[in-house]
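Have a look at the structure below, then the notes.
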Amino acid sequence: MSPFSPLLSWSQTHSTTLTHHPLMALENHHQESSNSILVTGGAGFIGTHTVLQLLNEGYRVSIIDNLDNSVEDAVDRVRDLAGSSRSGNLQFHVGDLRNKEDLEKVFSRTRFDAVIHFAGLKAVGESVAKPSLYYNNNLIGTLNLFEFMTKYGCKKMVFSSSATVYGQPETIPCVEDFQLMAMNPYGRTKLFLEEIARDIQKADPEWRIILLRYFNPVGADMSGQIGEDPKGIPNNLMPYIQQVAVGRLPVLNVFGYDYPTKDGSAIRDYIHVVDLADGHIAALRKIFSKDHIGCVAYNLGTGRGTSVLEMVAAFEKASGKKIPVKLCPRRPGDATAVYASTEKAKKELGWKAKYGIEEMCRDQWNWARKNPWGYRPQP
Ligand code: NAD
Ligand code: UFG
C-alpha cells in the first residue's frame, strides 16, 4: 500500500510521542513539533495569527482559503514574519470548502495530522439578511471537510466555535456546560456544527475534536504587520474604533448606554488574538497527546469583562487619539454582559490568556497606524 493511500489511517503509520501534562502547554514553547496541520480559513484574521504561531513552533502548515474575506498579501506577510528558515513549511491553496475538487487537491497532496477549521462567514447582521448563504457556506463547507478528513484518515480537528452559542446567558461567567442557544443564523451555524461534531465523534470514537469557543478576539501581532481588515464598514467594536482613530470614520456609535452596568454600556470579554492563537497550540497538544478526548468544548477568553466605554478609553490612551462617540440605542439581540469562565481551559489545556486590555489596544493601534487601510493601498 502506498504511504499516501487514503485507506491507511494516519494513526496506523505514525505515532505521536509528545508527553503531555496540562500545565506543560504554556511552558512548552521550545518543544518543536513537525506535525502537518491543515488550516482552513488561514488567510483570515485569527487564521494568520495562528499560522504564524504554528510555524514558529515548527509545525508544517497548509492553508486552504477562498479569499472571500481575506487577501493573499496577509499570507505573504506571515511568511516574512516566520523568516526564511520556517516559511518553507507553509503551503497556500486558494480553494473553497464547498468545492470537493478543491478539497481533493489539497488532501491528495499532503497527509495531515490534524485540521484547524477557521473557514466560515461570521457577520451576524449579514447572516440575518442572507441565512441561506450562511447555512450553505458554514454547514456544507464543514460537512465536506469532515468527509475528506474521513476519506484520508485524519480524524483530529480543532474547530472555531464562538461565545455566541451561549446566547443571552442568564448568569456569568459562561461555563462550558451551560445550555446552548443561538440568537441568529450565524450563531445557529456554530450551534449546529458543534452538534454535528459531537455526533460524528460519537459514531466513530477515533475522532478527537476540540471546540474552541472564542470570546471577543482583538489586537494584532506585535509586529504590526498582520491584523484584522474587515471589508466595508466594520460590524465589531475594535475595528470600528480603529477606523475612527485613523480618520476613516468620523464617530463611534455606542450601542446602548442604559444597560445595568457601571457606565451603562455593554460588557464583553476581549481577548488578544495572540493569546487566542496560543490556545490553538494548546488544543493541538492535547489532541496529539491524549487518546480518548472525545469531542470537548473550551472557552477561550480572559474571564474579565470590559465595557464599551472602558474599551474606548483604553484605546484613546494607547493611541493618543480622541475617539468621538455618539450614544445610540441598544443593538437588537445584544446581551448586557458576557464573559468566560476560564477554569476548564486552564485545567485541561494548561492555557490561560497573558495579555490585558492595555496590550490589546497597544497592538491594535500599532497595526492600525502602520496599515490605516489594512492590507489595501490607500484609495
Ligand atoms: P475571517 O473572515 O478573517 O477568516 C475566515 C476566513 O475563512 C477568511 O479568510 C475567508 O476568506 C475564509 N473562508 C470563508 N468561507 C470559506 C470557504 N467556504 N472556503 C474557504 N475559505 C473560506 O474571520 P476570523 O475572525 O479569522 O474568524 C475565524 C473563525 O472564527 C470563523 O469561523 C469565525 O466564525 C470564528 N469566530 C470569530 C470571532 C471573531 O470575532 N473574529 C469570534 C468567534 C468565532
Ligand atoms: N458596539 C458598539 N459600537 C459598534 C460596534 C459594537 O457599541 O460600532 C458594541 C456592541 O453593541 C457590543 C460590544 O460593542 O456591546 C461588542 O460588540 P462586537 O460586535 O464587537 O462583538 P459581539 O460581542 O457583539 O460579537 C462578537 C462577534 C460574534 C461572536 C461574539 C462572541 O461579532 O460573532 O463576539 O465571540 F460570536
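What the sequence shown shows, in full-length UniProt numbering, is residues 1 to 379, in sequence order. We put the CB at the ideal spot given by N, CA and C, even for glycine.
Between the CA atoms of residue j and residue i - distance to the nearest angstrom
{"i": "serine 257", "j": "proline 379", "result": "The residue asked about is misnamed: residue 257 is tyrosine in this sequence, not serine. Using only the alpha carbons, I get a separation of about 35 Å."}
{"i": "residue 425", "j": "valine 165", "result": "With the chain covering only 1 through 379, there is no way to say anything about residue 425."}
{"i": "aspartate 199", "j": "proline 205", "result": "10 Å"}
{"i": "alanine 314", "j": "lysine 346", "result": "27 Å"}
{"i": "leucine 38", "j": "proline 329", "result": "43 Å"}
{"i": "lysine 262", "j": "lysine 156", "result": "43 Å"}
{"i": "tyrosine 259", "j": "valine 251", "result": "21 Å"}
{"i": "valine 51", "j": "serine 33", "result": "14 Å"}
{"i": "asparagine 273", "j": "glycine 47", "result": "A quick correction: the sequence has valine, not asparagine, at residue 273. The alpha-carbon atoms of valine 273 and glycine 47 are separated by roughly 10 Å."}
{"i": "glutamate 195", "j": "lysine 317", "result": "42 Å"}
{"i": "leucine 23", "j": "proline 324", "result": "For leucine 23, the predicted structure reports a pLDDT of 40, less than 50, and the residue's modelled location is therefore unreliable. The matter cannot be settled from this model."}
{"i": "methionine 360", "j": "isoleucine 241", "result": "13 Å"}
{"i": "valine 218", "j": "aspartate 177", "result": "25 Å"}
{"i": "glutamine 225", "j": "arginine 362", "result": "14 Å"}
{"i": "aspartate 229", "j": "phenylalanine 148", "result": "30 Å"}
{"i": "proline 185", "j": "valine 175", "result": "22 Å"}
{"i": "asparagine 144", "j": "arginine 98", "result": "7 Å"}
{"i": "leucine 282", "j": "glycine 320", "result": "A small fix is needed here, since residue 282 is alanine in this sequence, not leucine. Computed Cα separation, rounded: 35 Å."}
{"i": "leucine 211", "j": "glutamine 243", "result": "32 Å"}
{"i": "asparagine 35", "j": "threonine 110", "result": "11 Å"}
{"i": "tryptophan 365", "j": "threonine 171", "result": "33 Å"}
{"i": "tryptophan 207", "j": "lysine 130", "result": "32 Å"}
{"i": "alanine 220", "j": "histidine 49", "result": "8 Å"}
{"i": "isoleucine 357", "j": "leucine 300", "result": "15 Å"}
{"i": "alanine 123", "j": "cysteine 295", "result": "26 Å"}
{"i": "asparagine 234", "j": "asparagine 216", "result": "Per the sequence presented here, residue 234 reads as proline, with asparagine not at that position. Approximately 14 Å, taken between the alpha carbons."}
{"i": "arginine 60", "j": "proline 173", "result": "36 Å"}
{"i": "arginine 369", "j": "threonine 189", "result": "35 Å"}
{"i": "arginine 376", "j": "phenylalanine 192", "result": "35 Å"}
{"i": "lysine 290", "j": "cysteine 154", "result": "15 Å"}
{"i": "leucine 249", "j": "serine 70", "result": "21 Å"}
{"i": "lysine 326", "j": "glycine 247", "result": "16 Å"}
{"i": "tyrosine 152", "j": "lysine 105", "result": "12 Å"}
{"i": "alanine 90", "j": "histidine 280", "result": "According to the sequence shown, residue 90 is leucine rather than alanine. Straight-line Cα distance between these residues: approximately 17 Å."}
{"i": "phenylalanine 107", "j": "isoleucine 116", "result": "14 Å"}
{"i": "aspartate 269", "j": "phenylalanine 45", "result": "18 Å"}
{"i": "glutamine 168", "j": "methionine 222", "result": "33 Å"}
{"i": "glycine 264", "j": "glutamate 348", "result": "36 Å"}
{"i": "alanine 182", "j": "leucine 237", "result": "21 Å"}
{"i": "leucine 81", "j": "threonine 40", "result": "20 Å"}
{"i": "threonine 342", "j": "glutamine 53", "result": "21 Å"}
{"i": "asparagine 58", "j": "asparagine 371", "result": "The amino acid occupying residue 58 in the given sequence is glycine; asparagine does not appear at that position. One C-alpha to the other measures close to 28 Å."}
{"i": "threonine 16", "j": "tryptophan 373", "result": "Summary for threonine 16: the model assigns pLDDT 31, below 50, so the residue's position carries little reliability, and this model does not support an answer."}
{"i": "tryptophan 367", "j": "glycine 227", "result": "6 Å"}
{"i": "leucine 180", "j": "glycine 187", "result": "10 Å"}
{"i": "aspartate 102", "j": "aspartate 113", "result": "19 Å"}
{"i": "phenylalanine 4", "j": "asparagine 56", "result": "With a pLDDT of only 30 at phenylalanine 4, under 50, the local geometry of the prediction cannot be trusted, and the value read off the model is given with reservation. Near 27 Å, if we compare the C-alpha coordinates of asparagine 56 and phenylalanine 4."}
{"i": "glycine 232", "j": "asparagine 253", "result": "16 Å"}
{"i": "leucine 139", "j": "alanine 245", "result": "36 Å"}
{"i": "glycine 350", "j": "alanine 297", "result": "14 Å"}
{"i": "phenylalanine 146", "j": "alanine 203", "result": "13 Å"}
{"i": "aspartate 68", "j": "valine 312", "result": "30 Å"}
{"i": "glutamine 201", "j": "proline 239", "result": "36 Å"}
Cβ distance (whole Å) where residue i is taken to contact residue j below 8 Å
{"i": "asparagine 66", "j": "glycine 95", "result": "6 Å"}
{"i": "isoleucine 209", "j": "phenylalanine 255", "result": "In fact, because the Cβ distance is near 35 Å, the residues do not count as touching under 8 Å."}
{"i": "tyrosine 214", "j": "alanine 266", "result": "Not a contact, Cβ separation roughly 17 Å."}
{"i": "tyrosine 355", "j": "aspartate 275", "result": "6 Å"}
{"i": "glycine 120", "j": "asparagine 137", "result": "7 Å"}
{"i": "histidine 93", "j": "serine 132", "result": "26 Å between Cβ atoms; not a contact."}
{"i": "alanine 337", "j": "isoleucine 271", "result": "So it is not a contact: roughly 16 Å between Cβ atoms."}
Which residues DSSP lists as bridging residue i, in chain order
{"i": "tyrosine 270", "result": "Asn216"}
{"i": "threonine 40", "result": "Ile64 and His117"}
{"i": "tyrosine 298", "result": "Leu212"}
{"i": "methionine 222", "result": "Answer is none; methionine 222 lacks a bridge partner."}
{"i": "leucine 90", "result": "Val61"}
{"i": "asparagine 253", "result": "Lys326"}
{"i": "phenylalanine 159", "result": "His117 and Leu211"}
{"i": "cysteine 174", "result": "Ala340"}
{"i": "threonine 306", "result": "Arg268"}
Report task. Report yes or no: do the region 306-313 and the region 72-88 share at least 3 C-beta pairs separated by less than 8 Å? Result -> No, the region 306-313 is not in contact with the region 72-88.
Query raised in the report: Is it a yes or a no for the region 308-321 touching the region 82-93, going by three-plus beta-carbon pairs under 8 Å?
Result: Touching, no.
**Report entry** Touching by the beta-carbon criterion (3+ pairs, under 8 Å), the region 286-297 and the region 327-341
**Finding:** Fewer than three beta-carbon pairs drawn from the region 286-297 and the region 327-341 are found closer than 8 Å, and the two stretches are therefore not classed as touching.
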